[in-house]
Structure formats: C-alpha cells, structure tokens
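Step one of this worksheet: look at the structure below.
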Amino acid sequence: MQFWKRLQSIDRRWIYLVVWLVVMIPLIFPFKIKSVATAPVESLFTYIDTMPENKGLIISVDYSPDTQAELQPMLVALLRHAFAIRRPVGILALYPQGLGLGEDAIRQVTAEFNAHAKSGADSVISGREYVFYGWTTPPITPMLGMGQHIAKVFPVDYYGQPTESMPAMRRMKNYDDVGILVSIAAASTPLSWINLAQTQFGIHLGCGITAVSAADYYPYVNSGQFTGMLAGMKGAAEYEELLEQGMVKRGMDWKLRRKGTEAMSSQAAAHLAIIAFIIIGNIAFFVTRRRKS
Amino acid sequence: MNISTDPWVWIAAILTLAIFSFLYRENPFYRAAEHLYVGLANGYSITVTWHLLLVPILINRIAHGSSIGTKVWLIFLAAIGALYFTRFIPKVSWLIRIPIAIALGYSCGLGIPRAIDAEIIRQLKATIVTRAQFSHWDQALWAILILIGVIATISYFFFSAERKGALKPISYVGIVFIMVGFGASFGYTVMARISLFIGRLQFLLGDWLGLIR
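Same order as they appear, the protein sequences are chains Z and X. Numbered per this note's numbering, the first sequence finishes at 298, counting up by one with no gaps. Numbered per this note's numbering, the second sequence finishes at 200, counting up by one with no gaps.
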C-alpha cells in the first residue's frame, strides 16, 4: 500500500530522468528496428517514383527549427528521391524560418550526389536540377500565383539569380508541369494548399506533418485530397526505408545516412517506457482507491 | 569520442542544455536561453522580410525600373500597409481598421468558397459508401465504420433536442468514437514530443560530443 501511495506522489523529475536514459541509451547502442511503410507513406512514395518524366516536384518548407527533428528528415528524403530519379525540383518557404532549413537540406543532399557524380551531367546544380525559389508573403500569393506562372511569383531565386531563363524553370512553368506538391509543415499550411491551390488548379498534393497533427490530417488522406502523408519521424523513417529499397533495386549504391531510421530504436524504447508508466500509474490509482473505500 | 571544435556547435549545445535545465526547475539559464530564442527568431524574420521582400519588391521597384503608374500604385499600397503602425498613436489608431478590413475581406472572399468545397463537400463525399468499396472487404469495413463514426459523432453534438430515444444510444456511440480520436491524438502527441527530444539528443551526442555518428 505504502509503495503504491508513494508511487502516486513521485517527483516528476525521476520520470524525466528515466525518459532521458531510455531515449539516450538506444542512440548510443542502437538495436535494429525495421520500418514497415504504412499506406499513406507508400502511396506518396509510389506516386513520386512513378511520376512522368516531364513532371516535377515542388516542396514547400513550412516549418521552423522547433520541429526540425521530425520534419527535416522528410525534406532530405524527398530531395534525395527527386534527384535520384532526375525530376526537376522547386523548393519554397512560406515562412522566413523555413529558408535556412531548406538551404541546409539542399546543401547536404547536393553534396551527397555531387560527391559521386562521374560527370557534369550527373551533378546536381542549382537552376538545372532544382530551383530554390526562396520566400514570399502572404502565403496566398505563391499558392495561387504559381498556378499561372512560377517565374512571376519568384522572378529571382533565393540566391538572387533570375529564374525565367533557368533550365529547371523551363521544365516547370506552372502547376501543369508539376506532378505533385508536398507541403512539409508544422502548422495548417497543407490545408491552405488544398483550399487554394488544389481547389482552383487541381494539383496533386502530399504532406509531411508533425505527429501531433497527424490525426487531423487522416480525413484528407481518406478523401484523396492528399495523395500521401508522412506523419512525424516515423513517417520519415518509413520513407527512408522505401527509398533505400527502391534505389537498391535500381542498382544504385545507396549508403546514405538515415536520420529518421536511426531514431526509431529510441522512439520504440520511449514508447514502451511510457506505456509502462501509464499501466503502473493506473494500477497505483485503482489499488489506493480500493483500499480507501 | 570526438568532441566538436566548432564554437557554433558549442553555443547551440550550451543553449540546448540551458533549455533542458527547466526540467529540473525554473532558473536564470533557462530564462536567458528562452529570451534569446524569441529575440533571434524575431530579428531573423525582420531581416529576411527587409532583404527578400521590402527591398526587391517595393523599394527597388519604386526607386528604379517601374512605370509611373506602378510606382504610384506601390506607394499607395505601402501607405495603406503603413496604417498598421497607427495603433501606436492613440488619436488616429482607428485608421488601423482600414488595412485590417482589406486583408480580412480579401482573405474571406478568397477562402470561404474554396473552404466549403475542400473541407465540407469533399469530406462529405468521402463518407458516402459506394458499391465500388465493397470489392474489398477491408475497404467496405472502413467505409461503413467512417459512416457510423461521422453520424454518431455529429449526433453527440446535436444540442437542439434532448438526448433520449434513438438519439441517446447513437450519441453514446459518438462518445466512443470521440474517445478513440482523443486517444489517437494523445498517442501521436507523445510520439511527437519524444521525436523532438531525440532530435536534440542526436545533436548533443553526435554533433557535439561525437559519441554517435
């Protein structure tokens, strides 16, 4: 009785310490967990993978550093996928904080591909394989304006270069040339993309979102408004797994770091610990209540 | 162990630990890091807005390049936008209503018809059970479950009639669906918070201390 009573009034800092250890130890000594792709992730992957050659991918970086851990691996995985299958990519940010994160991911992925490039044609070059549009506000401007003429919304890219004459821009003039637009977001911007861009122009949309908002987005996946969805770090890990399998099948040497997958052993351990906390807490509650009555 | 020699990594690591110190208790290190974050985020946004928006789109186009008509139009729009600052002058603070009214009117006019289509009509269509869904048993099961869930949950929020008769059991079913929804949201929230913590630990153990790759 005394034990259960004491358990109910335990200092929360002990719980923090346990969670800290449970998350940290598997990061240092990881155990293998295979990520099995869920239907929304598989659907997004398959759609991008089988996109016609004349269609491009646009990624909207709609998050800030506070959700970087969950969303940045998604951006990295999507860029790797598009560059590997040689589809033109456009990257924009709807909020200024997304610019630095977008640039980080572009720099990382272009370096990975260019390190293995055998010729200039194999390299990934700004303006030719991708365009970093930058940022403009309010969000409604790019959402609707890009449906007519992307170069009018972004006359110069993030680095100040005129976009109109870029080869990648000639392949992607407006939404007609875009296979899918993926909004990676920590807020409700994917819904704005549905309301504005999809309703008016019928563009295919995908989303990468934080796990907190995943439950709110499932109805839009179910209705087909989102072709696919990556939910949280787990979604990123599933996409990384599919991407590696797909690229290895194509005979590519794919030994790239998978930050989402690396975190899965810690994530699993933390979930088990929290389930144990919930069960122990409930037992303690019911035992002490029965004794009282 | 391969500790970083990059001073920026050290600054980021110290600030991360300062924020984590709040888990022990409120302290000046946490306060300092918190204020620094808010200040930096605002400063960054203002700088980006100035360099990527106001200078190329407004100032440069007014100063050189555009036709007289465009210049007048841009100056007029900038003046309307500048009315936001009148809230700092009590005598003319009512003028702030002009840009707010324009922004609200524009957003509502553009957003409402599209939201009705995207968030009501398309969602209603997604709840309709069609013959095609019965080609696979699992699809049919989910479609029926969604239909029951939507009707039961809406019934729970039907406040125009007393909850008795047929409405009573249906609204109880609605409660079950709402609770399942809460459970899913809570589960996802736990996953999200743990993910953020993992991200920081990956930085501390990897980029800073070099304990993991």
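Backbone N, C-alpha and C define an ideal beta-carbon position, used for all residues, glycine too. From a predicted model like this one, the values you see are computed outputs, not experimental measurements.
Residue i, DSSP secondary structure in three states
i	result
Tyr52(Z)	helix
Phe137(Z)	strand
Leu106(Z)	helix
Ser131(Z)	strand
Met234(Z)	strand
Val161(Z)	strand
Pro57(Z)	coil
Pro167(Z)	strand
Glu11(X)	Going by the sequence as given, residue 11(X) is Tyr instead of Glu. Here Tyr11(X) sits in coil by DSSP.
Gln153(Z)	coil
Glu149(X)	coil
Lys37(Z)	coil
Leu128(X)	helix
Gly240(Z)	helix
Gly52(X)	coil
Ile44(X)	helix
Under 7 Å by beta carbon: chain Z residues contacting residue i
i	result
Arg109(X)	Ser228 and Gln230
Leu39(X)	Gly139 and Trp140
Residue range of the beta strand (DSSP E) that includes residue i
i	result
Ile64(Z)	Gly61 to Asp67
Leu97(Z)	Val94 to Ala98
Ile189(Z)	Val183 to Ala190
Ala122(Z)	That residue, Ala122(Z), is in no beta strand (DSSP E); it is neither H nor E in DSSP.
Ile214(Z)	Leu210 to Ile214
Chain Z residues whose Cβ lies nearer than 8 Å to that of residue i
i	result
Met178(X)	Ala216, Gly237, Met238, Lys239, Gln272 and His276
Thr36(X)	Pro101 and Thr142
Gln189(X)	Leu32, Ala74, Lys264, Glu267 and Ala268
Leu10(X)	Arg18 and Tyr21
Arg101(X)	Asn200, Leu201, Thr204 and Gln205
8 Å contact criterion, which residue i and residue j should meet: CB distance rounded
i	j	result
Ala87(Z)	Leu247(Z)	At roughly 14 Å, the Cβ-Cβ gap does not stay under 8 Å, so Ala87(Z) and Leu247(Z) are not in contact.
Ile83(X)	Leu64(X)	At roughly 16 Å, the Cβ-Cβ gap does not stay under 8 Å, so Ile83(X) and Leu64(X) are not in contact.
Ile63(Z)	Val183(Z)	5 Å
Closer than 9 Å at the beta carbon, the chain X residues around residue i
i	result
Ile279(Z)	Val177 and Ile181
Where the alpha helix (DSSP H) containing residue i begins and where it ends
i	result
Pro172(Z)	Pro172 to Arg176
Ile(-10)(X)	Ile(-10)(X) -> no alpha helix (DSSP H), and no H or E assigned at all.
Met257(Z)	Careful: Met257(Z) lies outside any alpha helix (DSSP H) and carries neither H nor E.
Tyr222(Z)	Ala219 to Asn227
Leu110(X)	With the sequence shown as reference, residue 110(X) is identified as Gln, and Leu is not the correct amino acid for it. Arg109 to Thr114 is the span of the alpha helix (DSSP H), which, as asked, contains Gln110(X).
Ile90(Z)	Looking at the DSSP string, Ile90(Z) is not in any alpha helix (DSSP H), and its letter there is neither H nor E.
Per-residue contacts from residue i into chain X (C-beta, under 8 Å)
i	result
Ala220(Z)	Gly168, Ala171, Ser172 and Tyr175
Pro224(Z)	Gln110 and Ala113
Per-residue contacts from residue i into chain Z (C-beta, under 9 Å)
i	result
Phe225(X)	Here chain X has residues from -12 to 200 only, and residue 225(X) is not among them.
Leu134(X)	Under the 9 Å cutoff, chain Z gives no residues; its nearest Cβ is about 12 Å from Leu134(X).
Leu192(X)	Met29, Leu32 and Ile33
Interface flag, residue i vs chain A, CB-CB below 9 Å
i	result
Asp182(Z)	In the displayed structure, chain A is absent; the protein chains listed are Z and X.
* Taking Cβ-Cβ distances below 7 Å as the criterion, which residues of the region 10 to 42 of chain Z are in contact with chain X? -> Result list: Arg18, Tyr21, Val28, Met29, Leu32 and Ile33.
* Asked: When you check each C-beta in the region 111 to 144 of chain Z against every C-beta of chain X, which residues fall closer than 9 Å?
  -> Identification of residues in the region 111 to 144 of chain Z having a C-beta nearer than 9 Å to some C-beta of chain X yields Gly139, Trp140, Thr141, Thr142 and Pro143, given in sequence order.
* Pull out every residue of the region 189 to 212 of chain Z whose Cβ sits closer than 9 Å to any Cβ of chain X, in chain order. => Listed by position along the chain: Leu196, Ser197, Ile199, Asn200, Leu201, Gln203, Thr204 and Gln205.
* Asked: Closer than 9 Å, Cβ to any Cβ of chain X: which residues of the region 85 to 107 of chain Z, in chain order?
  -> Tyr100, Pro101, Gln102, Leu104 and Gly105
* Name the residues in the region 50 to 69 of chain X whose C-beta lies less than 8 Å from a C-beta of chain Z; which are they? -> none
* Under 9 Å (Cβ pairs) to chain Z, residues found in the region 119 to 153 of chain X -> Trp129 and Ile133
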